[in-house]
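Novice: Quick note, the sequences are listed as chains A and B, same order. Throughout the first sequence, residue numbering follows numbering that gives the first Met the number 0, covering 0 to 279 in sequence. Throughout the second sequence, residue numbering follows numbering that gives the first Met the number 0, covering 0 to 279 in sequence. Questions regarding the structure given below will be posed in turn.
Number of protein chains: 2
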Amino acid sequence: MTATVLSGRDLASAIRAETSAEAAALTAAGRPPRLAVVVATADESAAWYVRSIARSAEKAGISCDVVDLGADATAGAIRERLSELSADDTVHGVILQTPLPAGAALEDLASAIAFEKDVDGAGPLSLGRLVAGLPAFAPATAEAVVAILEHHGIALTGLRVAVVGRSLVVGKPVAHLLLDRNATVTVCHSRTVDLPAVTSAADVVVAAVGRAGLITAEYVRRGAVVVDVGTNPTEDGGLVGDVDAASVAERAGALTPVPGGVGPVTTALLLRHTVRAAAR
Amino acid sequence: MTATVLSGRDLASAIRAETSAEAAALTAAGRPPRLAVVVATADESAAWYVRSIARSAEKAGISCDVVDLGADATAGAIRERLSELSADDTVHGVILQTPLPAGAALEDLASAIAFEKDVDGAGPLSLGRLVAGLPAFAPATAEAVVAILEHHGIALTGLRVAVVGRSLVVGKPVAHLLLDRNATVTVCHSRTVDLPAVTSAADVVVAAVGRAGLITAEYVRRGAVVVDVGTNPTEDGGLVGDVDAASVAERAGALTPVPGGVGPVTTALLLRHTVRAAAR
């Protein structure tokens, strides 16, 4: 048996088409949507990701300003720039790219992004509203996990889901989104004892740890659904997930690919959030 | 075998003693700590709880204003009063008591409580900061669960904890507090399939559903630790938990009692939060 491939490409392209139409309507109405991405790193994969967001945004009719503050930027300078962008009426979405310079923490700085423009759901108010079930933009990656499962007809109510990783950008928010959809959710992490036993008890495994190939066949129950959130750069310039696809595909019932799974949906959702913010 | 009783009384009295000393120091310094509890219900058990907070506050040297808006209060009137109290420099802690009138939701109204005075961690910003690991007051009941476990020397790192209930005041925040202490946390709820199987796999079960006696022996692994957050009024004016203590005590290794477990610690923590807010 080989697992069904849960591609994100069709879903991403449907979201992009809808978003492009909304962007065109906003532009025609004199309110062209605009996204600002604040960068303070020389990290190559961050640069690659930002270029890909900018390219997708322009294609969808959303202007995208990459605001590069340099890898030496202080937390104060980053915060100030985020506040300026938040106060700028022509900017509708603001993202702070990671990694950040030493001494600057995303969860702290992101509170300088106005809640209404926090299109990647990074600030504490967005996160708290998400947990409370109030309107807010969810972190795009976390939302992409749920969107890809729903797109492929996987009904989450009553399923046991193991989320591996407890980051603020994926693990914690995805746990809440899954809980809101009535899944029984277990959050695992580096201090979990006997991780394979925990993940093997789950109907769905969400791998979001950032360690290439961590999840092998022994972590997965036969027939389970596996969502691979990892995007680990390889030495030859490629990208691999947190899941060892070769072994897991023989055991899982379905598996999202890397690339072409959660990634494209994430970018499409960021753009959707930006036009929604512009339409407010 | 009968389970060890994990009383909350000693811990509560230690917290109250420390809090009384801090309150006396603040009062001597011309900053007498003051708590306001906004009530908009005729519910008897809410009234009982509010009286008990007020009594404990006065004993600890904290003035406590019970602001009764009546069971017919509108969401707008409640919000306005919370904003006034938030703007009042002589008030350091503000609590909105539940239940609320139809059309008024705690998670929505609590955002009118200034974050610095949100001593029961009810607002979305407090919740988001808690999830993000930033300084914030946790909901007192959720914090009490963790405090009582730590007080009795139960090291949470690596333990599997099943939280039964996903409310904003207990289930969700306690899951984060436990995760921060490196437990592997599963959140279960009314849509969980085969709840006894899920809870029986856990080292610690936290029952926070509000249904008297729901957790019986078959939900608990032999030797597990059980924390009973329930406070369900009985017909004869007593209080019972979510745990069927008679059957569970024969199987669990340790169990918090109701009353005398999580309850007194919760009240003590609310008062501690109030003096901390006054000391800022």
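Cβ coordinates follow ideal geometry from the N, Cα and C atoms, glycine included.
1) Could you check whether the Cβ of R128 of chain A sits closer than 8 Å to any Cβ belonging to chain B?
2) Would DSSP call I214 of chain B helix, strand or coil?
3) Check whether the stretch 66-80 of chain A touches the stretch 13-23 of chain A, taking contact to mean three or more Cβ pairs, one atom from each stretch, closer than 8 Å.
4) Look at V118 of chain B and A276 of chain B and say whether their C-beta atoms are less than 8 Å apart.
5) Measure from the C-beta of D281 of chain A to each C-beta in chain B and report whether the shortest distance is under 8 Å.
6) For the candidate residues B:L167, B:T215, B:A45, B:G29, whose alpha-carbon lies nearest to that of S246 of chain B?
7) DSSP on S189 of chain B, reduced to helix/strand/coil?
8) Mind checking who N338 of chain A pairs with in its DSSP beta bridge?
9) Checking 8 Å against the spacing of the C-beta atoms, do N231 of chain B and G260 of chain B come in under that value?
10) For T191 of chain B, count neighbouring Cβ atoms within 10 angstroms of its own Cβ and tell me buried if that reaches 16, exposed if not.
11) Along the stretch 155-174 of chain A, what residues have a CB closer than 7 Å to any CB found in chain B?
12) Ignoring anything shorter than 4 residues, give me the alpha helix (DSSP H) runs that lie fully in the stretch 113-181 of chain B, in order along the chain.
13) Do you know how far the Cα of V163 of chain A is from the Cα of V224 of chain A?
14) Could you pull the DSSP bridge partners for A45 of chain A from this structure?
15) Can you tell me whether T3 of chain B is helix, strand or coil according to DSSP?
16) Quick check: what's the CA-CA separation for V38 of chain A versus V205 of chain A?
17) Select from the stretch 194-207 of chain B all residues with a C-beta closer than 8 Å to any C-beta belonging to chain A, and list them in chain order.
18) Using Cβ-Cβ distances below 7 Å, what residues of the stretch 178-192 of chain B are close to chain A?
19) Taking C-beta pairs closer than 7 Å, name the residues in chain B that L124 of chain A reaches, listed in chain order.
20) Let's see if you can read the secondary structure: which residues bound the beta strand (DSSP E) around A35 of chain B?
21) Name the chain B residues that come within less than 7 Å of A131 of chain A, Cβ to Cβ?
22) So, at 7 Å on beta carbons, what are the nonlocal neighbours of V257 of chain B in its own chain, with the 5 sequence-adjacent residues on each side left out?
23) Mind checking who S62 of chain A pairs with in its DSSP beta bridge?
Specialist: In short, the structure shows the following:
1) yes
2) strand
3) no
4) yes
5) The displayed coordinates of chain A run from 0 to 279. Any statement about residue 281 of chain A would go beyond what the structure contains.
6) B:T215
7) coil
8) Outside the shown range of chain A, which is 0 to 279, sits residue 338 of chain A, and nothing can be said about it.
9) no
10) buried
11) T156, G157, R165, L167, K171
12) 123-131, 139-150, 170-179
13) 14 Å
14) BP columns for A45 of chain A are empty, so no partner.
15) strand
16) 28 Å
17) V197, A200
18) L178, N181, T183, V184, T185, V186, C187, R190, T191, V192
19) P123, L124, G127
20) 33-38
21) E106, P123, L126, L167
22) D227, G229, T230, L238, V239, G240
23) A:R33
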